[in-house]
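With the sequence shown counted from 1, adding 962 to any position gets you our numbering.
These notes concern the structure reproduced below.
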Amino acid sequence: MSSEVKPGIRHATNILFVCNVILGLAVLAVWYCRRTPNGDSSAAAPAPVSGVVQVIPSGPVRKQSRPQAVDAPTVVSREPFFVTPARPRPGMSVRDQMKQMVAEVCLQVAKEGMTVSTEDRIRELAQQGEVVVPELVKMLMSDAPVEVREPAARALALIGSGEAIAAILDQLGRETDPDARDLLSRTLQLMSGASAGTKLVDTLTTATDPVIERAVRDSMGRTADADSTKYLIAACERTNVLGQCHANLLGALADVRTSAAVPGLVDALLNSPNSAVRTAVATALGRIGTEDSVIALIDAIEASSPADVEAEFAEALSKVENKDAFASLILVFSQSTNQIARHAAAAALAAADVEGRAHGIKQLQMSK
């Protein structure tokens, strides 16, 4: 009986073995298909592609690949727009490094806003100097959102070269969005350097756009140094030789509000042959209101006979509001023999508050 059973058992065992082999092959096939949907093993580990931006949208984390039209570094973010560029790769050209640096800083500022950290990043970008200007200009003139382009404009203003300031002014003329124009106008106030000042003065001689005129005048008023002030005064006098002083230039001169400009303004007040220039300078000195500027106005009034004193000098003196100059006004009011100077000083002191007058009296007492 045993001899009859054994062949059946052997047959069943063979069938079971074949079934196990088929099942194993089926499992292996399923696993392989899931790993490479197209059946191509080369698709399992795709090679890195230059110019791919991986964006992880808000919500479930899921990586996607999207080719870009330009050569951009591989980046990852959880926002649909803001990205964090990778660090420069070895062997990158200077141009590509600047391009990547500009993108990195602009996107970081747009994402985080203006903070101490992001302002430091903008200053670091500006410290690259002229080499980064072309990439900053490209970013400024791109169709990126204004919050992305703002850091580029700020960096250009900090660099302050003629090319950098010209780019800001050119884009200011192109902008149609009021918010963007206002932002670019305020950015000009960050400018520095003699070349920036001369570029603004030259712009005023040809500007026809009221927005640009106001932006440049305000920027000059807030940032004028000794060199740019002298250049502005010279431009006013040079224009007058050809005809009437340009209204934009005179307006900018009257709007100067920096103490660094006082020496040049005082020199023009006492020595310029142009009455329009002297009037604008007197207005500026009265608004600045430092002790040096007030003393210069007083000297100009007292050096002239009552018949020759320009009314604008007394008007400027009467509108001084800086309490640090009140001691000089008190001295003029109490001791000067020039009635015009005394009346102007009295008007300024009368317009001051009690605290300002008390401050002036205290200064006099301390100086004795």
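Yeah, the Cβ is synthetic: ideal placement off N, Cα and C, and Gly gets one too.
Quiz item: In three-state DSSP terms, what is Asp1082?
Solution: DSSP places Asp1082 in the helix class (H, G or I) of the three-state scheme.
Self-check item: Rounded straight-line distance, which links the Cα of Thr1241 to that of Ala1309
Solution: In a straight line, the C-alpha of Ala1309 is about 19 Å away from that of Thr1241.
Self-check item: Sequence ranges, alpha helix (DSSP H) only - wholly within the segment 1252-1311, length at least 4
Solution: Runs of the alpha helix (DSSP H) inside the segment 1252-1311: 1253-1264, 1273-1280 and 1288-1297.
Practice problem: Measuring alpha carbon to alpha carbon, tell me which of Leu1152, Arg1200, Ala1158 and Thr1138 ends up nearest Gly1171. | Solution: Here residue 1171 turns out to be Asp, not Gly, going by the sequence shown. When each option's Cα is compared against that of Asp1171, the closest is Thr1138.
Quiz item: For Thr1167, does the count of other Cβ atoms within 10 angstroms reach 16, so buried, or fall short, so exposed?
Solution: So Thr1167 counts as exposed.
Quiz item: Under 8 Å between the Cβ atoms of Leu1259 and Phe1288?
Solution: No, they are not a contact pair.
Quiz item: According to the neighbour-count rule (16 or more other Cβ atoms, all chains shown, within 10 Å of its Cβ), is Gly1013 buried or exposed?
Solution: Legend: pLDDT at Gly1013 = 37, less than 50; position of this residue unreliable, value from coordinates given subsequently. Answer is exposed; the Cβ neighbour count stays below 16.
Practice problem: Buried or exposed for Met1076, please, with buried defined as at least 16 other CB atoms from any protein chain shown within 10 angstroms of its CB. | Solution: Met1076 should be labelled exposed.
Self-check item: Asp1141 in three-state terms, based on DSSP
Solution: Looking at Asp1141 - three-state DSSP - the assignment turns out to be helix.
Quiz prompt | Residues near Val1227 in its chain [Cβ-Cβ closer than 6 Å; skip 5 each side] | solution = Note that residue 1227 is Leu in the sequence shown here, rather than Val. When the five nearest sequence neighbours on each side are left out, the beta carbons in the same chain lying within less than 6 Å of the beta carbon of Leu1227 are those of Val1243, Ala1246 and Leu1247, in order along the chain.
Quiz item: Cα separation between Gly1159 and Phe1295?
Solution: Rounded to the nearest angstrom, the two C-alpha atoms are 38 Å apart.
Quiz item: Does DSSP put Asn976 in a helix, a strand or coil?
Solution: Under the three-state reduction of DSSP output, Asn976 falls in the helix class.
Exercise. State the DSSP-derived secondary structure class of Asp1171, mapped to helix, strand or coil.
Key: Annotated three-state conformation of Asp1171 is coil, per DSSP.
Quiz prompt | Length of the line joining the Cα atoms of Met1054 and Val1099 | solution = Taking the straight line joining both Cα atoms gives about 20 Å.
Quiz item: Less than 8 Å separating the beta-carbons of Asp1217 and Arg1179?
Solution: Going by beta carbons, Asp1217 and Arg1179 fall inside the 8 Å limit.
Quiz item: Thinking C-alpha only, which one of Cys1198, Val1239, Gly1251 and Ser1234 is nearest Val1224?
Solution: Among Cys1198, Val1239, Gly1251 and Ser1234, the Cα nearest to that of Val1224 belongs to Gly1251.
Practice problem: Report the three-state DSSP secondary structure of Val1218 (helix, strand or coil). | Solution: Coil, per DSSP.
Practice problem: Please determine, among Ser1237, Ala1196, Val1316 and Val1110, the residue with the shortest C-alpha to C-alpha distance to Glu1272. | Solution: Of Ser1237, Ala1196, Val1316 and Val1110, the residue nearest in Cα terms is Ser1237.
Quiz item: By the 10 Å Cβ neighbour count, where 16 or more other Cβ atoms means buried, how is Arg1111 classified, buried or exposed?
Solution: So Arg1111 ends up on the buried side.
Quiz item: From Glu1109 to Glu1199, what distance separates their C-alpha atoms?
Solution: Our two residues, Glu1109 and Glu1199, have alpha carbons roughly 41 Å apart in a direct line.
Self-check item: Ala1314 Cβ short of 7 Å to the ligand NAP heavy atom set
Solution: Ligands are entirely absent from the displayed structure, and the ligand NAP is therefore not among its contents.
Quiz prompt | Neighbourhood of Arg1143 by C-beta distance below 7 Å, restricted to the same chain and skipping five residues each side | solution = Cβ within range, chain order: Leu1134, Glu1137 and Val1173.
Quiz item: Candidates Ala1186, Leu1131, Ser1181 and Leu1102: which alpha carbon is nearest Ala1169's?
Solution: Measuring from the Cα of Ala1169, the nearest candidate turns out to be Leu1131.
Self-check item: Outcome for Ser1079 when other beta-carbon atoms lying within 10 angstroms are tallied against a minimum of 16
Solution: Exposed, because fewer than 16 other Cβ atoms sit within 10 Å of the Cβ of Ser1079.
Quiz item: Span of the alpha helix (DSSP H) holding Leu1231?
Solution: That run of the alpha helix (DSSP H) goes Val1224 to Asn1233.
Self-check item: Contact under 8 Å by Cβ, Ala1088 with Ala1117
Solution: Yes; because the gap between Cβ atoms is below 8 Å, this pair is in contact.
Quiz item: Which residue from Ala1303, Ala1119 and Ala1265 puts its Cα closest to that of Lys1281?
Solution: Of the candidates Ala1303, Ala1119 and Ala1265, the one whose C-alpha sits nearest the C-alpha of Lys1281 is Ala1303.
Quiz item: To which residues of the same chain is Glu1097 closer than 7 Å at the C-beta, ignoring the five residues directly before and after it?
Solution: Cβ within range, chain order: Met1060, Lys1061 and Val1064.
Quiz item: Considering only residues of the same chain and omitting the five flanking positions on each side of Ala1333, which have a CB-CB separation below 6 Å?
Solution: Residue coverage of the chain in this structure runs from 963 to 1330, which leaves residue 1333 outside it and unanswerable.
Quiz item: Around the Cβ of Ala991, are there at least 16 other Cβ atoms within 10 angstroms (buried) or fewer (exposed)?
Solution: Result: exposed.
Quiz item: With respect to the alpha helix (DSSP H) encompassing Gln1133, which residues constitute its N-terminal and C-terminal limits?
Solution: Start and end: Gly1124 to Arg1136.
Exercise. Just mark Ser1190 as buried or exposed, buried being the case when its beta carbon has 16 or more other beta carbons within 10 Å.
Key: With 16 or more other Cβ atoms inside 10 Å of its own Cβ, Ser1190 counts as buried.
Quiz item: To the nearest angstrom, how far is it from the Cα of Asn976 to the Cα of Asn982?
Solution: Going from the Cα of Asn976 to the Cα of Asn982 covers about 10 Å.
Quiz item: Excluding the five sequence neighbours on either side, which residues of its own chain have a C-beta within less than 6 Å of the C-beta of Ala1306, listed in chain order?
Solution: For Ala1306, same chain residues with a beta-carbon under 6 Å away, outside a window of 5 residues either side, are Ala1276, Leu1279 and Ser1280 in chain order.
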